[in-house]
Every structure is written in structure tokens, then in C-alpha cells.
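Q: A single structure is presented below for examination.
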Amino acid sequence: MPASTAANASGAQSGTQSQAASTVAPAHVDTPVGILASTPQGVKKTEPAGSSMVPPATALMAEAAAPVVITQDLRPPSVVLDGLFVDIAKAHIYADAKTAVDAVPDEDPADLLAQYRAAKARPDFVLKDFVSQHFTLPERKTVTYQRSPNENVRDYIMGMWDVLKRPPDTQVQYSSLLPLPYAYVVPGGRFSELYYWDSYFTMIGLYEDGKIDMMRDMIRDMASMIDRYGHIPNGSRTYYLSRSQAPFFSLMVDLLAMHDGQIAYTTFLPEMQAEYDYWMDGADSVAPGGAYRHVVRLPDGTVMNRHWDDRDSPRDESYPQDLATAASQTARKPEEVYRDLRAGSETGWDFSSRWLADGHTLSTIHTTELLTVELNCLIPHLAQTLAHAYALKGDKEASARYAKIAAERVAAVQRVLWDERRAAYIDYDWKKGESTSILSGATAMPLFLQMASPEQAKAVAETIRKNLLKVGGLIATERSNSGQQWDAPNGWAPLQWMAVKGLNQYGYDELASDIAARWMGRVIGTYEKSGVLLEKYDVSNPYISPRGGKGGGEYPMQIGFGWTNGTLLGLMDRYPQNTRVVLDRNPAADQPDRPTAHALPPMNAYGVQSDKDTINQYNLPTVTLTPRPVAPTPTLPQISSVGASAPTPPLSAPPAPPATPPAAEAKATPTPQETPSSAPSASSPAPSGTTQAQQPTAASDAATSGASTPAAPATTAAPASPSAPESVPEKSAPEKTVAPAASSSAPSAPAPAPAPAPAGASVTPPAGSAASTPAASGGTPSTPAPVPTLPPHMTDAPQGNSTTSQPTAH
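Quick note on full-length UniProt numbering: the sequence shown kicks off at 1 and runs consecutively.
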């Protein structure tokens, strides 16, 4: 549930039922026995918006008959602490504003606020002293890390797993931390909680190090948040609940399936379905040229996604900075600036000139007006993964439906996000109806997920070589001096990884190896000077600095660092010859040789079978945090009344292929075949005005394994007062309009063929290639269905121990 739903709710009352602000929880919401009293059939109960009944971790682990109840208030600290929080932010009590929202009050916030108001009236009152007396500061473990004598870079990474690891959370009263049932790895530095997209690249290193149990536990933590809140928040804090982050969950399942096999897909199918429903909420109700939450429908009917946050106030973790940014201009309402800053944080690129209307002034940020490359590639990948998972479950109809959705979305990426002038994939301004023309490392994302045509991939490779490749790797964007950290001269580990992986998959091995060599040289060279791995690096400077990346951003350089550690391990294992050259130049970081080259994971995840031991792992009892009751989604208008603010030409989007006929207006109601009664339905995303309770439940058995699965996902509530759906100037009739249906056949320019699968593997063509029938575990379906489902990263297998494409490191 987005945190904004609770913005006007009253404070939570521990262990009791209290009145919500004009909201009533649906009677059908189930509450586990021993947590809340049962509600008689047909009797409605009230629950404070923003509250969650979460038992302590010790009670969860022990099967206690009557666990102690701790109520967690899910509202952000800026709401829970009312005026005290604002005063702390404005007084700059802490050097880092995030410290204020991570600090834990020593008593009930309502009582604390009463004390504060009384104390504030005294002439000798000192705010800093009051805060020191009543708040406990969070622990930052990475600050205490000391490099061991003769420690090489691989030893450092191995040691940092223990430093960055957190045990299962024990619920702390009044804390903003969302409790997680399994151990997890944090990024490092000020980031002392689980973060969404960071975790995927950290998992790369866990996979390389054989720490599969830890990787699996982190995915279970992600699934737990989907079950409880309806989505994976930006991070595991209450103040992040109003938004998510780039949806990498299905890629995490791909990575896990490389070890666990197909049971990973069937086990986490309910959560993948719930995530898809979250990102596509309202898609059936948005008229052409309009938008609602994360969904945008272009004038020609094409459905795509944007970043969004359900709140339009300053970010809790950057409260004083956001106040200053909004106050620095008068052209826009502060709420518009706050919303776009929050949406910019959801991208993971906080911040970049990609989001700035004038390219350099933060107050011109307009993230909600952009269709970003990464997000619009990750959604079709999620649809591909759903198609595969439903095929494994024997639900042919749902599998075919999501395969068709994936094909349509891939075609939209190739058409809308391709900028012929820049020879690259570029973000698209859906209100202006044109490309932003800002070149960034995101142009490699369609290659990473095998969604580019061969011709586009060739052009992207040349564009990367000419415009983004520097002495230390790839710059984030070609723009410098913007003052933002996701711009030149900085380079970031995820961008290097996705570019190297994507180029490998399309046969540009030499360029991929060159990027890897330059990046490893920069990271390991910095490690030799500083003794730590960092969040980002200056890749343009010919001289290596021990301080890593240039400035920009809202905080100092952070050490650790999860995604740098993880991807560096993967690249070192993929390019041992390059690694040897780099280490010879940096003897203090040296390590024993690992001469065997490994492919960058994952590869052919759909072809890995689950063995008995793995299935037994999934049959073990799982730790389940209680899904919380939520209020129904309020009815919202489906058509915007603010069309004048979105001057989009009626046909400004690149036209859809003329051979594609428009689909008849209809709303399909799937009737899954051969699906167990407990399997989730594959219903379309709930339109605006309906409750998210219509989403499928998570009670689904693991196909052919009998494995237990995560708890059923809780429903989510829409914001208490979100903005109305946006649209173009021309008013549209208030009826649903569906996008043109793409042909079930593949796009005309298929992606490269996948690597051969193991014998007996169930593999179908990649996005953009020829369709085939789904392969369920029990055999080939009797009736054909277009299911072009394939995991990403299929073709990056090293060719023996060839030393070609191993240029000298820089």
C-alpha cells in the first residue's frame, strides 16, 4: 500500500482496533488466527490506514499459540511525527537528512509530540538536545570496516559479505524499518536497509560466490514485501512505500532459476503476477493520450509505463533538499516538483540530466512525463517471465496472453524508444510526443534483455563506442557539469554490467571485453589506492583517484558497495585474462589466478531443471509475516479534466505498424485450463475505481514439485488523494479504449538466436523472435499457442578459453 494512503489517517493504536479516516476494510480480508480477532461473516471492521499488524520475528520463528502483537504504523515519519519532523529537517540537526527518518523515537509518537509541544514553549528549549534525548540513531556497520593486511580485492569482497549482511529483522517499536523475515545484504554506507534494484546486482556476486542460500533468502524477502504491501518498495522503510523502483524481481527469479531450476518460477509466480498488476494498475481505464499512476496510453493506443510516486510532498529522506529545490523556482507548484523528485528516485538514477527539462536545473525535473528505456524493457520481461511460469503451471491461456502482451510491448520499445537520429534508445517525452535526445547508458538495456533488432543492436554498439566509452568505462550520460551524480564523468556498476552482457548477447564481444577491462582497471586501481570498493567512479579522468566518483548527488561517497562488489566478481570470472592484466598493474590488489572463463549469469534459465535437494529446500517451512488488512481503493475519475496541461499532438507518437489491425473493444476474462484450484488467476490489472483486492492470491503450488509457496499477497490501496489521470488537450469520451493488438507473430527484426539449451530443457524463442508453443513440464501442449517466452541473457557463453576479445586493460 502506498504510504500516501495514510497521509490523513489517525495514529495507530497498538493491539486494538481503531477508527480509520473515512475508510472501511473489506470484510473478505483474512486475518491469521492469534493476530487479530476474527470478524463474523458479513460484518465490516475498521483498521487505521497505514497500520500493519506485524508480530516480532521471534514469535514468527517459534510457532507460538498467541504471539505478542506489535502494530507498525506504515505512515512515513513526516506524517507520524507531524511538526516535529519538519522542525528537525529545517534545523538541519543531522548532516544527512536520512538519519532523521532512520532514527527511532523512544516512545509513542503521539506522546512524544505532546511532550515536544510543551517543551517547545519553554524559553530554555533546545531542539538538538530534545532530539538527542528522545531518538536512537541507526547503526552504520560499514564505517567500521578495516582492510586486513595483504588483503586482495576478492578477499575484500568475501569479507564485505559479512559486513553488509543483516540478520532477519526483529520488529522495533516506532521504527521506520519494514521488518524482513530472512537475512539480506544491504548496499553499504548510509544505505542500511534492503534496496530493490541494487539487490539484483548484489545477487550477481552472491551467485558467483556460491552463496545461493543468501540470494534465495533475499528474493524471499522481496516476495514478502509484495505479499504484505502489494509491491516492492524503493527500500525497506515506511517512507519508501509510496513508490517502487525499477522492477528487477523477475530477473532475480531468472538468476535463482540458474541454480534452483523451474521451481523458482512456479514458486514466485504469485508475486510476479502481483508486481505486474501493481505496475499496470489502471491500464484498462486510461484513454489515449492519458496517464494514471505508472501507466501511459499514447494517442495511437500504445500502452507504456512511466515512473510515479503516490505522494506529492518532500521526500522524507531528503526533506530539506526538496524544500529548497521547490522554493528555488516559481513557475511550478511545489507539489509538482515534489512528485517528480520522488518519481526520479524511483528510477534509481537520483538524479540525472535525463530527468531535467533544461538539462541542468533540478527544479525543472519532469520524470512523470517520460517513458524511460529501462522501465519499458523490464515490464515486457516481466510479462515474458509470467508467460513461462504459467506454461509451467499448465495454464496455456494465461501463458499465451502474457506472451502476446510481451510481444506488443517489445514492438513498442523498438518503435517508440528508438531514436534514428541518435542511433540509440532514448527516453520519450509522452506529453511533447518526442524523444528527449539525451544519450545515456540506458541505451544498452534492450540489448541486455534481448529486445533490440540486430540492426538496432549494431547501431547501439557503435554509438556506445563513439560517445559513452571513456578511459575507465562507460559514462552514465554524455552530459557533464550538470551537478548530478548520474551524469558524466561518473560511471556506475549496473550500467557497465548491462552493457557488457547485452553486447555479448549480440556478438559484440570485443567491445564488451574492452568495456569490462576499462571498468575493472578503474575499480581495482581505486581499490589499491583506497582499500575499499565504492558506489560510483569517475571514468573520464585519466588519473585514478582514491575517492572514486565525482560529486553530485545528495550525500557523500559511500563505501561497501553491494552492486560494485557483485558485478566486479562476475566480470573477473568472465574475463580472467583481462583481470590478470589489471592485477599485474595493481599488485596490492592481486589474487590467485582463476583461468577458466565463466559466462555472465544468468544463461538459459528456462532450461535448468530442479533436482530433489532443491525441491526439498522449497518444501521447508517458510517464515511468513502477516499480510495486513487495508482499505478499499477509492473510486477515481477515469478521464482527466486537466487536458490543457498536456499539449501532445494527437498523433505525435511514432505510428504503429500499419499491418496491425485495431483490436475490438473487450475485456477478456481468462478461464485457465488445467490449473490447480489454488493457482492465481491471470486477470488484467484492476482498473481505476475498483479494489486491488481483485488481484490474484499467492496461494499456488510449485508445479510438479509439491513445494510450499509464500503467503498470499495483501491487497494494496491507492493514495488518499492522488492526482487525476492526465491526458492530451482533446477530451475523450469516458469509455475504455484498448491498444491496437499486435500480431501474434514476432517482430520483423528478431534478436540473436539463443545458446543451445541442455538436453530436455524447455526453451522458447526470445522476445522479438519467432513464436512457438509453450513447453510445460509434462510435455508439449496439444494445441498451438504463441508463447515467445525466453529469459534474458541466453547467448553469453564464453567460447572455450579463447583469448581473443581480451584487450589490454586501461
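Quick reminder that beta carbons are idealized off the backbone N, C-alpha and C, glycines included. What you are looking at is a predicted structure, and each value in this text was computed from that prediction instead of being measured.
In the segment 505 to 532, which residue ranges form an unbroken alpha helix (DSSP H) of at least 4 residues, counting only runs that do not cross its ends?
A: The segment 505 to 532 contains these whole alpha helix (DSSP H) runs: 509 to 530.
Q: Starting from D340, follow its DSSP beta bridges and name the residues at the other end.
A: Paired residues: none, contrary to the question.
Q: So, helix, strand or coil for M158, using DSSP?
A: Correct three-state label for M158: helix.
Q: Whole angstroms are fine: how far does the CA of N234 sit from the CA of D487?
A: If you take the alpha carbons of D487 and N234, they lie about 21 angstroms apart.
Q: So which of E107, D124, R154 and V163 has the shortest CA-CA distance to T136?
A: Among E107, D124, R154 and V163, the Cα nearest to that of T136 belongs to E107.
Q: With Q414 as the anchor, note down where its alpha helix (DSSP H) starts and where it stops.
A: First-last of the alpha helix (DSSP H) with Q414: K396 to V416.
Q: Run through DSSP, which three-state label would P587 get?
A: Helix, per DSSP.
Q: Taking the C-alpha atoms as reference points, what is the distance between V104 and T325?
A: Distance between the alpha carbons of V104 and T325 is about 27 angstroms.
Q: Taking the C-alpha atoms as reference points, what is the distance between I232 and D584?
A: Near 42 angstroms, if we compare the C-alpha coordinates of D584 and I232.
Q: Between the Cα of Y606 and those of L84, V253 and Q617, spot the shortest distance and give me the residue it belongs to.
A: Ranking L84, V253 and Q617 by Cα distance to Y606 puts V253 first.
Q: Is the Cβ-Cβ distance between R415 and L439 less than 7 angstroms?
A: Going by C-beta atoms, R415 is not nearer than 7 angstroms to L439.
Q: Output the distance between the C-alpha atoms of P602 and S318, rounded to the nearest integer angstrom.
A: The alpha-carbon atoms of P602 and S318 are separated by roughly 36 angstroms.
Q: Classify A3: buried if its beta carbon has 16 or more other beta carbons within 10 angstroms, exposed otherwise.
A: Low local confidence applies: a pLDDT of 39 at A3 is under 50, so the model's placement there is unreliable, and no value is given.
Q: Less than 8 angstroms between the CB atoms is what I'm expecting for Y184 and D162, so what's the real figure, rounded?
A: About 13 angstroms; that fails the 8 angstroms criterion.
Q: Curious, which full-length alpha helix (DSSP H) runs of at least 4 residues does the segment 119 to 206 contain?
A: With a minimum length of 4 residues, the continuous alpha helix (DSSP H) runs that stay inside the segment 119 to 206 are 127 to 134 and 153 to 164.
Q: To which residues of the same chain is V153 closer than 6 angstroms at the C-beta, ignoring the five residues directly before and after it?
A: Contacts found: I524, Y527 and A589.
Q: I think I365 touches V337, with their Cβ atoms under 8 angstroms apart; what is that distance to the nearest whole Å?
A: The Cβ separation is near 7 angstroms, so the contact holds.
Q: Please report how far the alpha carbon of F191 lies from the alpha carbon of A283, in whole angstroms.
A: Distance between the alpha carbons of F191 and A283: 34 angstroms.
Q: Would you check if the distance between the CB atom of L600 and the CB atom of R580 is smaller than 7 angstroms?
A: The answer is no: Cβ separation not under 7 angstroms.
Q: Between the segment 453 to 462 and the segment 473 to 486, can you find at least three pairs of beta-carbon atoms closer than 8 angstroms?
A: Not touching, per the Cβ criterion.
Q: So which of R117, Y195, E208 and P123 has the shortest CA-CA distance to A597?
A: Ranking the options by Cα distance to A597, first place goes to E208.
Q: Taking only three categories from DSSP, how would you classify L534?
A: In this structure, L534 counts as strand in the three-state DSSP scheme.
Q: Check for me: the alpha helix (DSSP H) holding G83 runs from which residue to which?
A: G83 -> alpha helix (DSSP H) spans D82 to A91.
Q: Using 7 angstroms as the threshold, is the C-beta distance between A444 and M304 below it?
A: No, the pair does not count as a contact, with Cβ atoms beyond the cut-off.
Q: Measure from the alpha carbon of R166 to the alpha carbon of each residue in P181, G531, Y156 and D87, then state which is nearest.
A: Closest by alpha carbon: P181.
Q: Could you check where the beta strand (DSSP E) with D73 kicks off and where it finishes?
A: Taken as a continuous stretch (DSSP letters only), the beta strand (DSSP E) holding D73 covers I70 to D73.
Q: Assuming the contact rule is C-beta atoms closer than 8 angstroms, T372 and S250 should be a hit. Round their C-beta distance to whole Å, please.
A: Not quite, the Cβ-Cβ distance comes to about 17 angstroms (not below 8 angstroms), so this is no contact.
Q: In chain order, what residues of the same chain lie with their CB nearer than 7 angstroms to the CB of S353, ignoring the 5 residues before and after it?
A: Same-chain partners within the cutoff: G359, H360, I438, T477, R479, S482, Q484 and D487.
Q: Is it the case that the Cβ atoms of V86 and D316 are separated by a distance below 7 angstroms?
A: Not a contact, by the Cβ cut-off of 7 angstroms.
Q: Using a 10 Å radius around the Cβ and a threshold of 16 neighbouring Cβ atoms, would you call P149 buried or exposed?
A: P149 comes out exposed.
Q: Rounded to whole angstroms, how far is the Cβ of A97 from the Cβ of A89, which I believe are closer than 8 angstroms?
A: 6 angstroms between Cβ atoms; contact.
Q: Once you ignore the five residues that flank N467 on each side, which residues in its own chain have a CB closer than 7 angstroms to its CB?
A: Around N467: L439 and E478.
Q: Which full runs of the alpha helix (DSSP H) of 4+ residues lie inside the segment 274 to 324, going along the chain?
A: Runs of the alpha helix (DSSP H) inside the segment 274 to 324: none found.
Q: Helix, strand or coil, according to DSSP, for Y239 in the structure here?
A: Helix at Y239.
Q: Exposed or buried, what is R117 when buried is set at 16 or more other beta-carbons lying within 10 Å of its beta-carbon?
A: By the neighbour-count rule (16 or more Cβ atoms within 10 Å), R117 is not buried but exposed.
Q: For R75 and D281, what's the separation of their Cα atoms in angstroms?
A: Computed Cα separation, rounded: 22 angstroms.
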